[in-house]
Structure formats: C-alpha cells, structure tokens
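Note sheet for the following structure.
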Amino acid sequence: MERTHKSSEINEKLIGEKVSLVGWVDTIRVHGNVAFIDLRDRYGKVQAVISKKSSEDFEKVKNLTLESCISIKGTLNARPEGSENEKLTSGKVELKIEELKVYSLADNLPFEVNNEDVGEEIRLKYRYLDIRGEKLKNNLILRHKIINFIRNFLNEKDFLEIQTPILTKSSPEGARDYLVPSRVHQGKFYALPQSPQQYKQLLMVGGIERYFQIAPCFRDEDARADRCPGEFYQLDMEMSFMSQDEILNLTEDLMIKLVKEILPEKHFTKLPFPRITYDEAMEKYGRDNPDIRENKDDPNELGFCWIVDFPLFKEQKEEDFFHGAGERWGPSHHMFTMPKEEDFKYLNVEEAGKAKAYQHDLVLNGYEVGGGSIRIHDPVIQDKIFDLIGFTEVQKKEFDHMLKAFRYGAPPHGGIAPGIDRLIMVLLGEKSIREVIAFPKNRDARDLTMDAPSIVEAGQLKDVHIQLDLPKSKKDVPKE
Ligand code: ASP
C-alpha cells in the first residue's frame with residue numbers, strides 16, 4: 000500500500016514534496032475544470048485540488064461520491080494567499096493531485112458523517128459511519144488511552160493480566176444469567192459470567208497475588224442510562240495480603256494519575272477522595288452514591304468519593320429471593336464479602352441486618368463507578384453466609400469448589416471492579432453510555448448493526464437439544 004504520510008503529518012515544511020495519501024472523501028467541490036477534495040483519514044484532513052488540464056484522473060472526480068475511499072498522489076503546494084485554514088495543521092498547503100485511485104465508491108449515505116442531529120437508531124444501524132465522525136472516534140481514542148494507561152500502571156505494580164472463561168457457570172452477582180446450551184452435554188448449560196468473581200478469588204488461592212483483567216461481564220437486565228443491557232466491561236482486580244485501606248489507596252492512586260495524564264483539563268473536588276461510611280452517606284445525602292461536586296455545572300469537576308462499611312445483608316422481598324433461596328436476607332454486595340470481625344456476633348437470622356461488611360464503592364459525580372470488598376477466605380464463615388441467605392444443601396453444592404479451595408491454604412484477599420464503560424462515560428461527561436462504546440446494544444438489548452439477537456436455523460436448535468415454546472404472538476419460526 001502506498002502511503003507516505005498521515006494527514007496530521009502534512010504541513011508547510013513539506014511544500015514541494017511528492018506525497019501519497021489515503022482516506023475518505025469528506026467534501027467535494029467542482030468548479031468547472033477545477034475540483035477540490037477534502038481528504039479525511041483517522042488523523043485529520045488535507046485539501047487536495049485537481050484540474051482537467053493537469054490530470055487525466057479529473058473525470059474520476061466527477062463521479063466521486065462523499066465517503067468514497069481513495070488514494071491520491073501529487074505535489075504539496077502552498078495554498079493561494081487568503082485561502083489558508085488556521086484550524087487545520089495542513090491548512091497552509093494543498094495537494095495537487097497527479098494520480099487518483101478509487102478503492103471503493105460509496106453509495107448514497109443514510110446520513111451525513113458528523114451530523115449531530117441524526118436519530119440514535121440509525122446511528123447504531125450504520126455504526127461504522129458514525130465511528131467515522133469526530134465525536135465517536137475521539138471517544139474511542141480516549142477509551143483506548145485510558146485502558147492503555149490502566150494496563151501500564153498495573154503492570155508497573157506487578158499485576159498479572161489473566162483471562163478467565165466466558166463459557167462458565169452461573170455467577171451470583173444478582174442479575175439474570177445469559178445461558179448457552181451445551182451440544183455435547185445434553186440438557187446442560189453454560190452461563191456467561193456476570194463477572195469473573197469466583198475465578199479471580201481462585202487465582203488468589205492459586206498464589207497469583209495481584210490480578211487484573213479488562214473483563215467482559217454479561218447480565219440479562221434492563222437498560223439504564225448508565226448501563227447497557229446485556230454486556231459491559233469491568234476493570235476487574237484482585238489482590239492478596241492487602242488491607243481494605245491499601246486496596247482503596249492503590250485504586251485511588253490509579254484514578255488520580257489516570258485523570259492527570261489523560262484528561263489534564265479536569266480537576267478534583269477533593270483529594271484524597273473522601274471516605275464516607277454508608278450510614279453517613281444515607282444520613283447526609285439520602286443515597287449511597289452521593290454527588291459531592293461543589294459546582295455541578297462545571298464540566299471539568301470530578302467528585303470522587305469512597306463509600307465504605309455497607310450493611311452485609313439487605314432484607315429481601317419475595318420477588319428478589321437470592322438465587323431462589325427463600326430467606327429473609329440477601330447479600331448487599333455479593334455473598335463472598337467479608338463481614339467486619341466485630342460483627343461476627345450478628346451472623347444469625349434475627350440480627351444479620353446489623354452486620355457491616357468490608358465493602359467499598361467508588362463513586363464519581365453521583366454514579367457508582369466501581370464496587371468491591373475484602374472477601375471471606377475461611378470456609379466456615381462462607382458456609383455460615385450461605386446458611387443465612389437460605390441456601391439449601393443442593394444450592395451450596397453449586398459453590399462447593401469455593402469452599403473446597405478455601406480449605407487448601409487460601410490467602411486473605413480482596414478487590415474491586417470499576418465499570419470501564421460507566422467510568423469513561425462520567426469522566427468524559429457523556430450523557431449516554433453508548434457514546435463511549437463502539438457497538439453498543441440499544442435500549443431493548445438489540446445489536447442494530449448486526450441485527451442480533453436473531454432467529455437461528457432449526458438444525459442449530461436441534462444440535463443443542465432445544466425446542467422452542469414461544470407465546471403465540473412471537474412465533475417466528477426458525478429457518479429450515
Ligand atoms: N464482582 C464484583 C461485581 O461485579 C466486583 C468485586 O467484588 O470485585 O460487582
């Protein structure tokens with residue numbers, strides 16, 4: 000592929016040189032025998048000019064459409080005086096096209112790239128065109144930079160990045176699981192992980208000491224402004240031999256350095272991040288995700304705080320009985336969270352509501368952007384928690400691998416999992432989480448770009464031993 004420069008490298012220092020550029024047709028203006036093209040690549044734009052006299056390719060320009068993908072070769076000249084564009088790094092020059100090659104001629108577009116008034120459904124359907132626009136492209140660049148920063152920071156601190164299974168077993172984070180039928184094991188299902196919670200704890204038992212992963216998590220729940228239905232990414236972290244304070248300090252250090260490096264225009268309401276107990280937060284703000292900003296109209300203010308000392312349990316209503324366990328108490332974070340030692344005395348059905356936990360939430364501008372806890376590593380306490388949330392022996396068996404692992408030398412451990420999408424949404428001041436995700440699901444959990452979920456062939460269902468039993472109105476018959 001011939002490409003001598005990116006558009007951001009084109010400036011007046013190159014006047015007189017021959018260059019070859021690639022990209023998309025951002026604008027075309029034909030004035031008689033002269034035509035101007037703004038060529039756009041990921042890095043910016045360059046103006047190019049072609050005249051009938053000087054190039055046989057002039058005819059091609061006449062047929063060119065917006066957003067066609069092309070390459071142009073030619074000499075860089077100074078723009079005529081008065082026609083410079085101060086806003087572009089290439090604004091003092093223009094490329095005199097000597098050769099033009101069309102890689103791919105674009106059809107009529109469903110919407111104009113960079114037009115902000117286009118409905119979201121259509122933007123999602125043609126997401127690749129939306130991604131060509133400045134806003135989404137810049138958000139994806141920032142997302143990359145943030146994740147890259149996180150990786151480097153944690154690498155420096157001795158963390159290992161480890162991938163955990165996607166086809167796994169139901170994990171108890173409190174939402175509905177996505178199930179994947181097994182072809183080989185008839186009638187059995189994998190579940191997509193709601194988070195790698197159990198694996199990361201098992202990695203600690205495995206002696207890894209410091210783990211992280213940019214982990215995809217799958218939860219079958221309804222859309223909210225700050226969460227896409229279906230799937231999201233977490234910065235999943237787990238550490239052994241660290242106190243809760245040390246875990247919070249490390250996470251806080253990461254957040255502060257990340258903001259200073261990637262978003263230097265932002266400033267913090269308060270440093271260090273205030274640590275507020277759950278009881279104080281409820282009393283002072285009436286919520287456990289307070290917005291502590293002093294000036295909520297300042298788009299560059301970041302109000303981080305920690306909420307700690309959550310109740311270990313919350314009282315359940317019948318409809319949200321945990322994993323079908325029919326008891327009064329459900330875990331307020333998850334069932335692997337360590338109770339405060341001084342509250343062990345409350346671990347009985349009557350008093351469980353008084354027990355506090357080593358749970359911590361990271362809150363930013365009124366959004367919970369991460370939660371975690373010190374974990375139980377003693378099988379006796381873990382078993383007690385299972386009893387209190389009303390697990391039957393059969394249900395306990397589902398988590399036998401955890402109890403067993405804790406009997407082979409489990410280190411004290413804990414962690415946290417900031418939600419990557421939500422954190423970036425709040426850091427960038429975006430209103431919708433979909434603005435920081437390349438291919439987000441829409442509100443009713445559909446991928447409009449690929450048109451998923453979709454009907455599958457009858458043979459595929461047969462392979463996995465599934466027969467549909469749909470309500471009458473929904474009887475879309477699988478394809479034969
Ligand atoms: N697995 C937890 C969650 O997804 C986070 C954690 O406890 O580290 O909320």
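Residue 86 in numbering that gives the first Met the number 0 sits at position 87 of the sequence shown, with consecutive numbering throughout. Cβ coordinates follow ideal geometry from the N, Cα and C atoms, glycine included.
Residue range of the alpha helix (DSSP H) that includes residue i
i    : result
M424 : I419 to L427
H30  : Careful: H30 lies outside any alpha helix (DSSP H), inside the beta strand (DSSP E) at K17 to H30.
D129 : R126 to R131
A210 : In the sequence as presented, Ala is not what sits at residue 210; that position holds Tyr. Element bounds for Y210: not the alpha helix (DSSP H) but the beta strand (DSSP E), R209 to R218.
T276 : Here T276 belongs to no alpha helix (DSSP H); instead the beta strand (DSSP E) covers R274 to T276.
I384 : P378 to L387
L402 : D399 to A404
E58  : F57 to N62
V393 : E392 to K396
DSSP three-state assignment for residue i, whether helix, strand or coil
i    : result
M236 : strand
T336 : strand
S70  : strand
S7   : helix
Y102 : strand
S484 : This structure does not reach residue 484, given that the chain is present from 0 up to 479, and the question cannot be answered.
E230 : strand
P192 : coil
N358 : This sequence places Gln at residue 358; Asn is not what is there. Residue state, collapsed to three classes: strand.
Y345 : helix
E350 : coil
R433 : helix
E93  : strand
S112 : Position check: residue 112 holds Val in this sequence, whereas Ser was assumed. Of the three classes helix, strand and coil, the one that applies to V112 here is coil, per DSSP.
A299 : Correcting the residue identity first, residue 299 is Asn in this sequence and not Ala. N299 falls in the coil class under three-state DSSP.
N76  : strand
Y366 : strand
V204 : helix
F312 : strand
A280 : helix
I146 : helix
I121 : helix
Per-residue burial, residue i [other beta carbons within 10 Å of its own, 16 or more giving buried]
i    : result
V138 : Here residue 138 turns out to be Asn, not Val, going by the sequence shown. Classification of N138: buried, given that the 10 Å Cβ count is 16 or more.
K355 : buried
Y407 : exposed
Y127 : exposed
M449 : exposed
Y102 : exposed
T26  : exposed
L234 : buried
F231 : buried
F240 : exposed
I454 : exposed
R331 : Arg is not the amino acid found at residue 331; the sequence shown has Ser there. It counts as buried.
N364 : buried
S82  : exposed
F343 : exposed
R122 : buried
V183 : exposed
D462 : exposed
A224 : exposed
P289 : buried
E64  : What sits at residue 64 in the sequence shown is Thr, not Glu. Burial call: exposed.
G206 : exposed
Residue i: CB within 8 Å of a non-hydrogen atom of ligand 1
i    : result
Q162 : no
E237 : yes
G414 : yes
H333 : yes
S194 : yes
C216 : yes
Q233 : yes
S372 : yes
K313 : no
K199 : yes
Limits of the unbroken beta strand (DSSP E) element including residue i
i    : result
R37  : With the sequence shown as reference, residue 37 is identified as Asp, and Arg is not the correct amino acid for it. Residues V33 to D40.
L108 : Taken as a continuous stretch (DSSP letters only), L108 belongs to no beta strand (DSSP E), as it is neither H nor E.
A457 : Where A457 is concerned, there is no enclosing beta strand (DSSP E), although the alpha helix (DSSP H) it sits in stretches over A457 to D462.
I49  : G43 to S50
V258 : Looking at the DSSP string, V258 is not in any beta strand (DSSP E); the run it does join, the alpha helix (DSSP H), is Q243 to I261.
G329 : W328 to P330
F452 : Correcting the residue identity first, residue 452 is Pro in this sequence and not Phe. Element bounds for P452: n/a, residue is neither H nor E.
P180 : L178 to P180
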